[in-house]
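Taking it in order: structure first as structure tokens, then the write-up.
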Amino acid sequence: MDFLSFIRAQWENLPILLKQEHVSGGIFIITGSNHGIGREAARHVAQLGPARVIIAVRSREKGDEAKAWIESTTGGKTIVESWILDITDFASIRAFAARCDAELDRIDGLVQNAAEAVDRFETNAQGHEISIAGNVIGTALLAVLLLSKVAATARKFGVTPHMVIVTSQMGFTTPQATELVDRGLFDALKQENLSPMSDRYAVSKLIGIILFREMAKVFPASATGTVINLISPGLCNTGLARNSHSLTWRTQVWLLNLLIGRTPEMGSRTILHAMMAEKESHGAFLSDCQIKEHWVPDWAKHEGGEALQKGIWDQTVDPRKLKPQRFKRRARSGLKGPL
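Residue 295 in the numbering used here sits at position 9 of the sequence shown, with consecutive numbering throughout.
Here it is in structure tokens:
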């Protein structure tokens, strides 16, 4: 992908591809949905009239505000619920997944949009740097814990659920981070000096892309009935740099958004596309409401890329326990490493 192509894509008027028939009777979970593209995606889905839309947010107050906004802009035609989830807190993730198991009879769509973008080193309760904890480990943990429920939805209701991972093509700008795999990836990323914080957001997105491409390979749609895909929404004016302490970085992001940034609503259309994309999108990289596998660099594909994927996957989960043929029983016991 060259920069001119990126700019042209940013100015496109993207289609709204998700329709009522894609969501009828379903339950949809969207994380990081109290603002930005997550909230806009939740609004679009609620407008189509599914059974329920669950917005997963860190703050009860902000969740209630987002819920009220969605209901007021859609006429209250759908049940919208605000559930607490901190994607950087593994206990919060486990509690959220347990609640899903107890209270939901189906999950037709899981959109993992919650993300962390920081430029100062800080850790979560388990000692992982915050952006790695949220954008990689926490996102993987939630996906693994909910996969059984999502796959059961496919079997029971004869539908094709989607697990959508919101990522960024920025990840492909930091290939040097893959060198940390041989050192023990997650232990290495606990150390501030081994990966500059100025690159950490992009690094977290790269690891997430590689990890979830392998998850899609381990759990093919033919085995789970579930489409797992990854989308880059492009540059959206959603406050990406709001937690930055760098005036230079905040200014650069502000200027880029002024010139070519998508509105949150326009960016959310990329999520809607991923939520209805066919099985050919399983494991694929999507952007601009299209499959864009050609954006994935050669070093991340083919034999070397496959070995890299497996290495990161094996450092995240226990491949001996988390198998496609028995994941329904073992999803909760197949975790290891950082989880």
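By construction, the Cβ of each residue, glycine as well, lies at the ideal position given by its N, Cα and C atoms.
Could you check where the alpha helix (DSSP H) with residue i kicks off and where it finishes?
{"i": "residue 431", "result": "425-443"}
{"i": "residue 395", "result": "It is not in any alpha helix (DSSP H) - residue 395 instead sits in the beta strand (DSSP E) that spans 395-398."}
{"i": "residue 473", "result": "467-474"}
Within 10 angstroms of the Cβ of residue i, are there 16 or more other Cβ atoms? Answer buried if so, exposed if not.
{"i": "residue 289", "result": "exposed"}
{"i": "residue 402", "result": "buried"}
{"i": "residue 576", "result": "exposed"}
{"i": "residue 462", "result": "exposed"}
Relative to the alpha-carbon of residue i, which residue among the options has its alpha-carbon at the smallest distance?
{"i": "residue 501", "options": "453, 490, 564, 595", "result": "595"}
{"i": "residue 497", "options": "477, 571, 416", "result": "571"}
{"i": "residue 550", "options": "303, 320, 315", "result": "320"}
{"i": "residue 573", "options": "483, 454, 426", "result": "454"}
{"i": "residue 561", "options": "475, 309, 371, 505", "result": "309"}
{"i": "residue 484", "options": "456, 471, 506", "result": "456"}
{"i": "residue 533", "options": "371, 437, 405", "result": "405"}
{"i": "residue 439", "options": "395, 469, 352, 375", "result": "395"}
{"i": "residue 447", "options": "552, 507, 370, 382", "result": "507"}
Here's a check: name, in chain order, each residue in its chain whose Cβ is nearer than 7 Å to the Cβ of residue i, leaving out the five neighbours to either side.
{"i": "residue 542", "result": "521"}
{"i": "residue 306", "result": "334, 335"}
{"i": "residue 578", "result": "571, 572"}
Which same chain residues, not among the five before or five after residue i, have their C-beta less than 8 Å away from its C-beta?
{"i": "residue 467", "result": "594, 597, 598, 601"}
{"i": "residue 356", "result": "325, 328, 329, 332, 339, 341, 366"}
{"i": "residue 415", "result": "407, 408, 409, 475, 476, 478, 486"}
{"i": "residue 353", "result": "341, 366, 367, 368"}
Could you give the first and the last residue of the continuous beta strand (DSSP E) run that contains residue i?
{"i": "residue 572", "result": "571-573"}
{"i": "residue 448", "result": "448-452"}
{"i": "residue 594", "result": "No beta strand (DSSP E) holds residue 594; the alpha helix (DSSP H) holding it covers 588-602."}
{"i": "residue 369", "result": "365-370"}
{"i": "residue 342", "result": "338-343"}
{"i": "residue 518", "result": "513-518"}
{"i": "residue 317", "result": "313-317"}
Whole angstroms are fine: how far does the CA of residue j sit from the CA of residue i?
{"i": "residue 509", "j": "residue 538", "result": "45 Å"}
{"i": "residue 407", "j": "residue 442", "result": "45 Å"}
{"i": "residue 364", "j": "residue 335", "result": "5 Å"}
{"i": "residue 588", "j": "residue 582", "result": "11 Å"}
{"i": "residue 525", "j": "residue 517", "result": "19 Å"}
{"i": "residue 318", "j": "residue 554", "result": "12 Å"}
{"i": "residue 556", "j": "residue 300", "result": "8 Å"}
{"i": "residue 548", "j": "residue 312", "result": "29 Å"}
{"i": "residue 362", "j": "residue 584", "result": "47 Å"}
{"i": "residue 494", "j": "residue 515", "result": "12 Å"}
Would you say residue i touches the ligand GDP, meaning its beta carbon is less than 7 Å from a heavy atom?
{"i": "residue 542", "result": "As far as ligands go, the structure on display features none, and thus does not contain the ligand GDP."}
Using C-beta distances below 6 Å, list every residue in its chain close to residue i, excluding the 5 sequence neighbours before and after it, in chain order.
{"i": "residue 490", "result": "417, 418, 421, 422"}
{"i": "residue 486", "result": "417"}
{"i": "residue 428", "result": "379"}
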